[in-house]
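K.L.:
Residue numbers (this note's numbering): 24 to 492.
For glycine and all other residues, C-beta sits at the position ideal for the given N, C-alpha and C.
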Amino acid sequence: MLERILYTVLTVLMVFYFSINTVYLFILMFSVFEIRRSTKFRFTFNLNQAFRFRLLPPVSIILPAFNEEKTIVESVRSILFVRYPQYELLVVNDGSKDETLKTLIEAFNLIKTDYVFRRSVDTARVRGIYVSRVFKNIVVIDKENGGKADALNAGINVSRYPYFCAVDADTILGEDALAKLILPFVNDPDRTTAVGGIVRPANGAEISMGRLLAERLTKNLLVIIQSLEYARAFFLGRLGLASINSLLIISGAFGLFKKEDVLRVDGYKKKSIGEDMMLVVKLHKLKRKEKRSYRVAFVTDTVCWTEIPSTFRVLARQRVRWQMGLMESIFENGDMIMNPRYGVIGLFAMPFYILTEIVPPFFEIIGYAVLSVGIGTGVFSLYTLLRFFAITWGYSLLHTIYALVMESYGIGKKVRLFHFIIKLFASILESLFYRQINIWCKLKGFFQFFTHKREWGAMERTGFGEKTG
């Protein structure tokens, strides 16, 4: 009886994972076609001509900051190096308790002004608006604490231009990042509502005066494994989903939006844990309800660098928050799930995120339990256990190889062989401990979401350019 139950459960689990990986295979194929298409376009569009003939529309860059004194100056400086014809930078100090505002005032020679703006979206009270005597396009908004979504909404209220780019305070932008990110709006302004770009780890990189001089492979194994995870997420998942207009997440670290559409959905949801995904889902929902042709695009050759967690404690906080943000976006828009009215979003994208992000942690726990009981009682042989882990490692390794190759091809940067080998080795180690940590974080985020204990948690910074190994 026990043997039949164990084999039945194991069979169900294997069928589930086979089905999920088959779906991933199709998404992988979509991403290959999409990156080939976008790479061809890369060589036909001349950025220099775009600048000369003023083809690029003005953009407002919104940078929310809460207790970011260690990285805020470098982040602002990196944006000042952005090569773009016309933009403004709105730094929103969201009631920081450290010296973030003072640091900005001293670094950029700010003065308080009587700045007039329309309050299109309700936010926490704005205490003051500062402008720079040196850089005419820098505006600093000092407001009471209301959370990241509230800070972004305050930036939208003050912004002057039709498009805004949301970036994190621990983000370094590439010189042409914004000019490349705006291209879907330039080519298809009527249909495009949002665009996402690539995010890469800045840990261990050589950064000076807000510019990334050289990427270096950090000695921190946790950071290396996360870099693999990022590569798979962007070049396997998001790129493929974007090709069928099913992208539900644009990273809060680097995303560009049409302000008119965002205001029509009342901006970012206040007190939201996953404000970035929630906004994108709301935009999909609006366009589908209106039955208007639209697209949420993704660009592979535009990059920003951000500091990612270098300790297990900070990583756990981040991943629990990510899982709660995912749950928030899915369950608060539950009417879209399997609803033909929302097309591919309701029938595929929403179920896809449920089956790949919410369900698997429970199945994996059951799988480990079944294997443990089976080995302990002698029902399963050691060969069964080894075969299970070989399949897990094999899929992970194949996905990693694909992601690294696509990353090199998409960004247009060659990967050193030594670094490639190190990352493949890290991918093997990933299944020994990192995968289990992620399972625990997702389960904790799942149950914490339903207990309404929804907190951001502190993302401790080490500062740009510092070694993480």
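Please state whether DSSP places D284 in a helix, a strand or coil.
P.N.:
Position 261 of the sequence shown, counted from the first residue, corresponds to residue 284. Reduced to three states, the DSSP call for D284 is helix.
K.L.:
Decide if the region 230 to 242 is in contact with the region 450 to 465; the criterion is three or more beta carbon pairs, one per stretch, under 8 Å apart.
P.N.:
No, they do not touch.
K.L.:
Taking its Cβ as the centre, do 16 or more other Cβ atoms sit within 10 Å of T329, making it buried, or is it exposed?
P.N.:
Your numbering for residue 329 matches position 306 in the sequence shown. Result: buried.
K.L.:
Taking DSSP's pairing of strands, which residues face G278 in a bridge?
P.N.:
Counting from 1 along the sequence shown, the entry for residue 278 is found at position 255. The partner list for G278 (beta bridge, DSSP) reads A189 and G219.
K.L.:
Using only the alpha-carbon positions, how far apart do S266 and D191 sit?
P.N.:
Along the sequence shown, read from residue 1 onward, the residue named residue 266 stands at position 243. Along the sequence shown, read from residue 1 onward, the residue named residue 191 stands at position 168. In a straight line, the C-alpha of S266 is about 26 Å away from that of D191.
K.L.:
For the beta strand (DSSP E) containing D324, list its first residue and its last residue.
P.N.:
If you number the sequence shown from 1, residue 324 lands on position 301. Taken as a continuous stretch (DSSP letters only), the beta strand (DSSP E) holding D324 covers R318 to T329.
K.L.:
Can you tell which of I128, M429, F187 and C464 has the C-alpha that lies nearest to the C-alpha of L338?
P.N.:
Looking up residue 338 in the sequence shown gives position 315. Closest by alpha carbon: C464.
K.L.:
Buried or exposed: which applies to N176, given that a residue is buried once 16 or more other Cβ atoms fall within 10 Å of its Cβ?
P.N.:
Residue numbering aside, residue 176 sits at position 153 when the sequence shown is read from its first letter. With 16 or more other Cβ atoms within 10 Å, it is buried.
K.L.:
Report yes if the CB atom of E351 is closer than 8 Å to the CB atom of I272, and no otherwise.
P.N.:
Against the sequence shown, residue 351 aligns to sequence position 328. Against the sequence shown, residue 272 aligns to sequence position 249. Not in contact: E351 and I272 (Cβ atoms no closer than 8 Å).
K.L.:
What are the start and end residues of the alpha helix (DSSP H) that includes T141?
P.N.:
As a position in the sequence shown, residue 141 is number 118, starting the count at 1. Just to set this straight, residue 141 is Arg in the shown sequence, not Thr. R141 -> no alpha helix (DSSP H), and no H or E assigned at all.
K.L.:
Answer with buried or exposed for S274, where buried requires no fewer than 16 other C-beta atoms within 10 angstroms of its C-beta.
P.N.:
Residue 274 sits at position 251 when you count from the first residue of the sequence shown. The residue is buried, with at least 16 neighbouring Cβ atoms inside 10 Å.
K.L.:
Quick one: give me the first and last residue of the alpha helix (DSSP H) that N176 is part of.
P.N.:
Taking the sequence shown and counting its residues from 1, one reaches residue 176 at position 153. Note, N176: alpha helix (DSSP H), K171 to V181.
K.L.:
Kindly indicate which three-state DSSP category T400 falls into: helix, strand or coil?
P.N.:
Here residue 400 refers to the residue found at position 377 when the sequence shown is read from its first residue. In this structure, T400 counts as helix in the three-state DSSP scheme.
K.L.:
Hey, is the region 115 to 122 in contact with the region 212 to 226, meaning 3+ C-beta pairs nearer than 8 Å?
P.N.:
Taking 8 Å as the limit for Cβ pairs, the verdict is that the region 212 to 226 does not touch the region 115 to 122.
K.L.:
On a CA-only basis, which of T45, V396, F456 and F53 is nearest N269? Give me that one, please.
P.N.:
Start at 1 with the first residue of the sequence shown, and residue 269 comes out as number 246. Correcting the residue identity first, residue 269 is Ser in this sequence and not Asn. The residue with the shortest Cα to Cα distance from S269 is F53.
K.L.:
Helix, strand or coil for E496 per DSSP?
P.N.:
Any question about residue 496 goes unanswered here, given that the chain covers just 24 to 492.
K.L.:
Hey, how far is the Cα of F258 from the Cα of E252?
P.N.:
Position 235 of the sequence shown, counted from the first residue, corresponds to residue 258. Position 229 of the sequence shown, counted from the first residue, corresponds to residue 252. Rounded to the nearest angstrom, the two C-alpha atoms are 10 Å apart.
K.L.:
Can you grab the Cα-Cα spacing for the pair G390 / G263, in whole Å?
P.N.:
Here residue 390 is taken as the residue at index 367 of the sequence shown, counted from 1. Here residue 263 is taken as the residue at index 240 of the sequence shown, counted from 1. Between G390 and G263, the C-alpha separation is close to 28 Å.
K.L.:
Identify, in the order they occur along the chain, each residue of the same chain with its Cβ nearer than 7 Å to the Cβ of S419, setting aside the five sequence neighbours on each side.
P.N.:
The sequence position of residue 419 within the sequence shown is 396, counting from 1. Here the set comprises S450, E453 and S454.
K.L.:
Could you check which residue in K308, A276, F403 and L421 has the C-alpha nearest to that of I28?
P.N.:
Position 5 of the sequence shown holds residue 28. It is F403.
K.L.:
In terms of alpha-carbon separation, which member of E91, V105, R315 and K203 lies closest to K120?
P.N.:
Here residue 120 is taken as the residue at index 97 of the sequence shown, counted from 1. Ranking the options by Cα distance to K120, first place goes to E91.
K.L.:
Looking at the structure shown, is T146 part of a helix, part of a strand, or coil, going by DSSP?
P.N.:
Stepping through the sequence shown from its first residue, residue 146 is reached at position 123. If DSSP states are grouped into helix, strand and coil, T146 belongs with coil.
K.L.:
Sorted by chain position, which residues of the same chain lie with C-beta nearer than 6 Å to A147's C-beta, five sequence neighbours on each side aside?
P.N.:
Locating residue 147 in the sequence shown gives position 124, where the first residue counts as 1. Correct list, in chain order: K166, E167, G169 and D173.
K.L.:
In this structure, how does DSSP classify R364 when only helix, strand and coil are distinguished?
P.N.:
As a working mapping, residue 364 is identified with position 341 in the sequence shown. Looking at R364 - three-state DSSP - the assignment turns out to be helix.
K.L.:
Please classify Q109: is it buried, with 16 or more other beta-carbons within 10 angstroms of its beta-carbon, or exposed?
P.N.:
Within the sequence shown, numbered from 1, the residue matching residue 109 stands at position 86. Exposed.
K.L.:
Quick one, are the C-beta atoms of V162 and L127 less than 8 Å apart?
P.N.:
Taking the sequence shown and counting its residues from 1, the one referred to as residue 162 is at position 139. Taking the sequence shown and counting its residues from 1, the one referred to as residue 127 is at position 104. Not closer than 8 Å, so no.
K.L.:
Going straight from the alpha carbon of L440 to that of R318, what length do you get?
P.N.:
For the purposes of this step, residue 440 is identified with residue 417 of the sequence shown, where counting begins at 1. For the purposes of this step, residue 318 is identified with residue 295 of the sequence shown, where counting begins at 1. If I take the Cα positions, the gap works out to 37 Å.
K.L.:
Can we say the region 220 to 230 touches the region 124 to 144, given the rule of at least three CB pairs closer than 8 Å?
P.N.:
These segments do not touch.
K.L.:
Note down the Cα distance separating L378 from W345, rounded to an integer number of angstroms.
P.N.:
Translated into the one-based positions of the sequence shown, residue 378 becomes position 355. Translated into the one-based positions of the sequence shown, residue 345 becomes position 322. One C-alpha to the other measures close to 16 Å.
K.L.:
Any contact between the region 84 to 102 and the region 190 to 205? By contact I mean 3 or more CB pairs, one from each, below 8 Å.
P.N.:
Yes, the region 84 to 102 is in contact with the region 190 to 205.
K.L.:
Which residues bound the beta strand (DSSP E) around D299?
P.N.:
Numbered from its first residue, the sequence shown carries residue 299 at position 276. Not the beta strand (DSSP E): D299 falls in the alpha helix (DSSP H), residues E298 to E313.
K.L.:
Using the Cα positions of A372 and H422, report the straight-line distance between them to the nearest angstrom.
P.N.:
As a working mapping, residue 372 is identified with position 349 in the sequence shown. As a working mapping, residue 422 is identified with position 399 in the sequence shown. C-alpha separation (whole angstroms): 20 Å.
K.L.:
Do you know offhand how far M429's Cα is from S250's?
P.N.:
For the purposes of this step, residue 429 is taken as residue 406 along the sequence shown, with counting starting at 1. For the purposes of this step, residue 250 is taken as residue 227 along the sequence shown, with counting starting at 1. Each residue's alpha carbon lies about 14 Å from the other.
K.L.:
For S395, which residues of its own chain have a beta-carbon under 8 Å away from its beta-carbon, when the five flanking residues on both sides are left out?
P.N.:
The sequence position of residue 395 within the sequence shown is 372, counting from 1. Counting only Cβ-Cβ distances below 8 Å, and skipping sequence neighbours, we find nothing.
K.L.:
Could you pull the start and end residues of the alpha helix (DSSP H) that V246 belongs to?
P.N.:
Against the sequence shown, residue 246 aligns to sequence position 223. Here the alpha helix (DSSP H) through V246 covers L244 to R255.
K.L.:
If you count every other CB in all the chains shown that lies within 10 Å of the CB of S83, and 16 or more means buried, which is it?
P.N.:
As a working note, residue 83 is residue 60 in the sequence shown. Burial call: buried.
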